[in-house]
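These notes concern the structure reproduced below.
In UniProt numbering, the protein residues as written are 1 to 127.
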């Protein structure tokens, strides 16, 4: 299976947060699982850090290496993702969530998120 990590999940995963479901962690840690994190998640984290709304357990500059070292692929935002985004209904307005939803739909990825609202967009969700 191929999975897209939600920003919230990524943050908790980097911190080893015990609130993460064990089943989800075991899926991510499986050697056969292919995981992605969107460039949009790095963008969202950077904005939250600059606004003082988030502090990571590691320097932000080290996050990309942490992701790559943990067998997680970085997913760029492509034009077809933006086309998909422009066609989404407005179940909610968070631009980062909407970008992740569009990417999950375009790339046929299961998204790992606690946000049940994502299912209203037709994405497959794991938590």
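Ideal Cβ positions, reconstructed from N, Cα and C, are used throughout, including at glycine. Keep in mind the model is a prediction, meaning the values are calculated, not measured.
Quiz prompt | Neighbour-count burial assignment, residue 115, 16 or more Cβ in a 10 Å radius | solution = buried
Quiz item: Over what stretch of residues does the beta strand (DSSP E) that includes residue 2 continue unbroken?
Solution: 2-5
Quiz item: Using DSSP with H/G/I as helix, E/B as strand and the rest coil, what is residue 125?
Solution: strand
Quiz prompt | Extent of the continuous alpha helix (DSSP H) to which residue 33 belongs | solution = Element bounds for residue 33: n/a, residue is neither H nor E.
Quiz item: Taking three-plus beta-carbon pairs below 8 Å as touching, is the segment 87-102 in contact with the segment 53-73?
Solution: Contact check between the segment 87-102 and the segment 53-73: fewer than three CB pairs, one atom from each, fall below 8 Å, which does not count as touching.
Quiz item: Buried or exposed: residue 113, going by 16 or more other Cβ atoms within 10 Å of its Cβ?
Solution: buried
Quiz item: Looking at C-alpha atoms only, which residue of 42, 21, 79 is the closest neighbour of residue 62?
Solution: Per the Cα distances, 42.
Practice problem: Give every residue of the same chain whose Cβ lies closer than 7 Å to the Cβ of residue 67, excluding the five residues on either side of it in the sequence, and list them in chain order. | Solution: 37, 74
Quiz item: Between the beta-carbon of residue 130 and the beta-carbon of residue 3, is there less than 8 Å?
Solution: Because the chain in this structure spans residues 1 to 127, residue 130 falls outside the shown range and cannot be described.
Self-check item: Candidates 64, 84, 25, of which the one nearest residue 108 by Cα
Solution: 84
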